[in-house]
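First up is the structure itself, then whatever we jot down about it.
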Amino acid sequence: MLIQLKLIKKHATISLMRLFTRQLCSVFCLLYATSSVAQEHDSAEQLRFVTTNSEFTLLHEMGHLLIHELQLPVLGREEDAADQLGFIGLFLIHERQQTPDFPMRLLDVADYWRLEWQSAKDSEEQIQAWDSHALDEQRFYNIACLAYGSDPKNLEWIIEMTGLPEERAFYCQDEYEQAKYAALWFREHFKRTSGEPVKHRIRVIYDTPPHHLDGGSELLEKVKASGELEAVAERASEFFVLPRDLTLRVASCGAPDSWYNTISGELTLCYERIAHFRKLARKLPRLNSKA
Ligand SMILES: [Zn+2]
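Heads up: the sequence shown begins at 201 in this note's numbering, then just goes up one per residue.
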């Protein structure tokens with residue numbers, strides 16, 4: 201969905217520097233794991249689903265932020281570009297499949313879109329064909345294709361798990377390589393040179409968590425104490441030359457959203473979105489098959 205005459209970009213993501221992204225996992229692991237809502241019955245696989253999709257959300261929104269603030273050239277729809285940047289950002293966060301569960305994380309992101317696609321929605325919540333976002337079904341197949349294409353020799357099982365048709369799968373390695381090339385090109389061409397001063401920064405603001413989020417106050421204090429979101433913002437500020445001061449806000453939004461406001465220069469991550477990921481994780485059979 202778009203708000204304010206397409207000036208706010210929702211459901212996004214990317215980031216492109218490993219130093220900057222390296223921090224994100226621990227942020228969201230902390231954000232979720234310290235919440236009392238995570239202490240009930242969630243499995244390690246469900247936790248992985250929640251943290252990885254939280255990362256992808258932030259990275260997608262960072263994609264919008266960088267596209268607008270650095271005036272990156274974009275061919276095709278910005279929402280698609282943000283998804284691709286976000287996907288490549290996951291590799292930078294996780295240092296290219298070095299962890300054994302990394303392919304499952306990619307599948308977690310694809311399956312999030314499958315769950316959105318297959319969930320019953322009110323008509324006003326349904327993404328329409330005219331929307332600037334791809335349909336949830338398309339985002340599912342796009343992410344599945346990039347996931348398989350990132351390592352076709354070893355990830356053929358993703359074709360089976362996702363039902364990705366062979367007609368699309370045949371080109372997925374090319375799609376992945378194209379997205380990676382673009383992201384790395386952008387990183388190389390827009391990085392701050394060593395002699396350039398840092399004039400503007402991204403500041404981090406935490407709003408009060410919603411009352412319905414169990415343990416919200418404790419969660420907020422722990423995230424603040426970690427200082428990790430601040431570290432992410434600081435590193436992004438130092439890696440690129442930002443044209444103005446920006447804000448990364450963790451907020452209660454009343455809905456499971458995220459967006460980048462190009463007028464105010466504020467990236468918002470909603471507490472509710474993290475809770476939404478948890479709810480969906482419980483609907484995914486492959487995350488709930490173990491006793
Ligand atoms: Zn977006």
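We treat Cβ as the ideally placed atom computed from N, Cα and C, and that holds for glycine. In this text the structure is predicted, and so the values were computed from the model without any measurement.
Closer than 6 Å to a non-hydrogen atom of ligand 1 - does that hold for the CB of residue i?
i: residue 334; result: no
i: residue 279; result: yes
i: residue 282; result: yes
Using only the alpha-carbon positions, how far apart do residue i and residue j sit?
i: residue 327; j: residue 316; result: 10 Å
i: residue 437; j: residue 365; result: 41 Å
i: residue 477; j: residue 463; result: 28 Å
i: residue 405; j: residue 470; result: 12 Å
i: residue 487; j: residue 395; result: 49 Å
i: residue 454; j: residue 474; result: 12 Å
i: residue 375; j: residue 323; result: 32 Å
i: residue 362; j: residue 400; result: 43 Å
i: residue 485; j: residue 444; result: 45 Å
i: residue 450; j: residue 373; result: 35 Å
i: residue 335; j: residue 430; result: 33 Å
i: residue 289; j: residue 333; result: 19 Å
i: residue 257; j: residue 280; result: 13 Å
i: residue 407; j: residue 367; result: 46 Å
i: residue 388; j: residue 321; result: 41 Å
i: residue 253; j: residue 291; result: 13 Å
i: residue 251; j: residue 342; result: 20 Å
i: residue 244; j: residue 306; result: 15 Å
i: residue 274; j: residue 384; result: 14 Å
i: residue 413; j: residue 329; result: 34 Å
Would you say residue i and residue j are within 7 Å of each other, going by their C-beta atoms?
i: residue 282; j: residue 268; result: no
i: residue 249; j: residue 331; result: no
i: residue 480; j: residue 465; result: no
i: residue 347; j: residue 310; result: yes
i: residue 355; j: residue 300; result: no
i: residue 284; j: residue 379; result: yes
i: residue 313; j: residue 340; result: yes
i: residue 402; j: residue 425; result: no
Buried or exposed: which applies to residue i, given that a residue is buried once 16 or more other Cβ atoms fall within 10 Å of its Cβ?
i: residue 277; result: exposed
i: residue 246; result: buried
i: residue 457; result: buried
i: residue 319; result: exposed
Give every residue of the same chain whose Cβ lies closer than 7 Å to the Cβ of residue i, excluding the five residues on either side of it in the sequence, and list them in chain order.
i: residue 270; result: 390, 440
i: residue 359; result: 348, 369
i: residue 483; result: 315
So, for residue i: in the same chain, excluding its five sequence neighbours on each side, which residues have a beta-carbon less than 8 Å away from its beta-carbon?
i: residue 392; result: 398, 438, 439, 440, 441
Spatial neighbours of residue i within its chain, please: CB distance less than 6 Å, with the 5 preceding and 5 following residues excluded, ordered by chain position.
i: residue 351; result: none
i: residue 460; result: 209, 261, 264, 265, 467
i: residue 377; result: none
i: residue 448; result: 402, 404, 433, 467
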